[in-house]
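Contents: one structure, followed by commentary.
Numbering (full-length UniProt numbering), first residue to last: 1 to 626.
Written as structure tokens, this is what we have:
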């Protein structure tokens, strides 16, 4: 995976993790706060409804106190005010109180007077809770003691729920003795409660209680409120329903009152969170894009340039390429260090090539000297032989015979003898001269061989070590022409057409010539096949890519006996002597000098011939227009 793609992936992963983290925080921390606030609002709305209910009850309680702590009522209950019923207890008076029930009971709970009244029509109302002649002796509405006290609560009647309140009948000074209880009741008007709920955008429902077994507190003295159970809260669709059971004055459940609140807070909270999440995602994308752009320009691109330069150096052997980053950060330090490393590498490679070249020159010089010594020793004998032959040519006797032949009185017989003797000596001298000429020709051939060695060494020394575009086919042809007659008789050369079509290579021409001479020479001097027959050498060429570089691959396959692995390794050890070139060069030197030119030289078992193959890889020369 590329560095730019990996950086992009890390950025996207980081943004995804951040988005998930923000979503989890919003969903598990922020949004529950909205839900809690919504539940709190629903609870307050329910408490507001019950507060309205208690307020309605509180409006009735003072009226019962006013009528109970009135001297006219006190005297009426004492039997001393006979006009009280006709003057005070008229229907219009009860209508002004706004109470559907008005009743008086003595201390034993016996009814003294009561009336149910339809406040609109001023007609009697039948209320089942007050039909009887008396109330139970333990009724919570009956006053106890002579102290002022108020009792208030709800009762369930045949006409519906009713707010009831009672007060003891005392004197105007609120003193006893108590003469009974006055009770007032007002029907529970749902429309009034619903109107108040509508003003607060609430829904109000009242229904029979679901749980008939629950018991609440009994009526408490001097506490004007409607007893209800715990608030039960549930979410139904887009609303929150808060329900509580309402108890009567005896603690029995009479109704379930529900307050329904729209879930606007959670909806608005979720909308706000969604908008913020979207905005944060867009902001994150912009920030991530800017961050990735800055990372790409500040980090990724310089590193890619560094990688591209390293690949270019490896592929093209361009040791002069440099990054030259003018930066003060770590990337700049890395680039500077890389440039310094390239400088050191180029210098080391140049010195290695020079050392290899110098070593080759030294080894070649040693070989030339050894070969000169080897050739000069028999040359002395070759020079002595024609001298001996020339010494055997005696010309003094021939001169004497020629002088005698010029005598005027020489007989014919003696003349013929002298001619025969001159002819014999001439023939003998001709044979000796022919042998002397043959010896001289051999000496000249030896001298030409020595001259060739010296000339080759001179070319190696003066040729220089500059890398240039070289046609290997010319070097191979030159190496083949150097083979002597004995090598040509024992070695069969198969020069494949791919060698002539091989592209130019980048190498030092004279150095590469010596390497090829050495490879072909060690094949020619190699052991013969076990099955007999001539030693065969096949030379082929091809192109390939090695570590991103275009290379020209030459193969030198021969059919010598199979070579073991240890022997293959020993070929490139300096102690190995078999096949060393007559000039003193060796395969270890050839391996080093080829490596210094950016190539590779190695050996392995040959598959076609089941013998040995030498692989020579050289970088392809870049030619304009190639």
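Just so you know, even glycine gets a beta-carbon here, dropped at the ideal spot from N, CA and C.
Here the structure is a predicted model, which is why all the values come from computation and not from measurement.
Nearest by alpha-carbon distance to residue i: which of the options is it?
i           : options            : result
residue 479 : 510, 186, 88       : 510
residue 522 : 549, 499, 483, 498 : 483
residue 142 : 180, 615, 162, 130 : 180
residue 419 : 432, 435, 400      : 400
residue 186 : 306, 294, 159, 440 : 159
residue 307 : 615, 617, 4, 616   : 4
residue 477 : 499, 211, 86       : 499
residue 270 : 413, 23, 342, 60   : 23
residue 19  : 593, 413, 273, 261 : 273
residue 163 : 81, 135, 52        : 52
residue 17  : 288, 551, 129, 209 : 288
residue 631 : 83, 85, 67         : Outside the modelled stretch of the chain, which goes from 1 to 626, sits residue 631, for which no answer is possible.
residue 536 : 514, 560, 543      : 560
residue 222 : 413, 471, 77, 144  : 144
residue 178 : 281, 524, 78       : 78
residue 198 : 131, 611, 49       : 49
residue 115 : 59, 182, 74        : 182
residue 553 : 621, 526, 428, 126 : 621
residue 126 : 120, 111, 101      : 101
residue 486 : 520, 519, 472, 524 : 524
residue 26  : 280, 121, 334      : 280
residue 249 : 154, 587, 549, 129 : 154
residue 59  : 595, 412, 188, 471 : 188
residue 294 : 11, 594, 117, 593  : 11
residue 515 : 542, 593, 567, 417 : 593
residue 193 : 91, 488, 46        : 46
Measure the alpha-carbon distance for residue i versus residue j and round it to whole angstroms.
i           : j           : result
residue 156 : residue 251 : 12 Å
residue 72  : residue 242 : 46 Å
residue 469 : residue 506 : 5 Å
residue 176 : residue 113 : 21 Å
residue 497 : residue 547 : 27 Å
residue 133 : residue 93  : 23 Å
residue 551 : residue 503 : 10 Å
residue 580 : residue 517 : Here residue 580 scores only 48 on pLDDT, less than 50, and its place in the model is too uncertain to base an answer on.
residue 501 : residue 603 : 23 Å
residue 36  : residue 146 : 49 Å
residue 286 : residue 14  : 14 Å
residue 85  : residue 140 : 26 Å
residue 278 : residue 284 : 10 Å
residue 437 : residue 481 : 27 Å
residue 174 : residue 165 : 17 Å
residue 123 : residue 190 : 22 Å
residue 403 : residue 432 : 24 Å
residue 643 : residue 235 : With the chain represented from 1 up to 626, any question about residue 643 goes unanswered, as that position is not in the structure.
residue 519 : residue 344 : 32 Å
residue 347 : residue 336 : 17 Å
residue 330 : residue 275 : 41 Å
residue 415 : residue 439 : 36 Å
residue 161 : residue 63  : 19 Å
So residue i packs on residue j, CB below 8 Å; how close in whole Å?
i           : j           : result
residue 228 : residue 246 : 5 Å
residue 57  : residue 225 : 7 Å
residue 562 : residue 490 : Not really, about 19 Å apart at Cβ, beyond 8 Å.
So, for residue i: in the same chain, excluding its five sequence neighbours on each side, which residues have a beta-carbon less than 8 Å away from its beta-carbon?
i           : result
residue 65  : 148, 150, 167
residue 39  : 233, 240
residue 43  : 231, 233, 242
residue 687 : Not covered by the structure: residue 687. The range shown for the chain is 1 to 626.
residue 494 : 536, 537, 538, 539
residue 137 : 108, 109
residue 565 : none
Give me, in chain order, the residues of the same chain whose beta-carbon lies closer than 6 Å to that of residue i; leave out the 5 immediate sequence neighbours on both sides.
i           : result
residue 215 : 251
residue 540 : 496, 498, 555
residue 238 : 263
residue 207 : 256
residue 529 : 559
residue 152 : 57, 61, 165, 224
residue 95  : 119
residue 513 : 475
residue 616 : 554, 601
residue 591 : 572, 601
residue 203 : 260
I'd like the list of long-range same chain contacts for residue i, defined as Cβ closer than 7 Å, with 5 residues on each side in sequence excluded.
i           : result
residue 626 : Interpretation of residue 626 is limited by its pLDDT of 49, a score under 50 that renders its predicted location unreliable; the figure taken from the coordinates is listed afterwards. The answer is none, since no qualifying residue turns up.
residue 265 : 34, 37, 38, 41
Quick one: is residue i near chain B, going by C-beta distance under 8 Å?
i           : result
residue 520 : Looking for chain B here will not work: only one protein chain is present.
Counting pairs of beta carbons, one from the segment 98-113 and one from the segment 160-174, are three or more of them closer than 8 Å? In the pairwise beta carbon analysis, the segment 98-113 is classified as touching the segment 160-174: at least three pairs are separated by under 8 Å.
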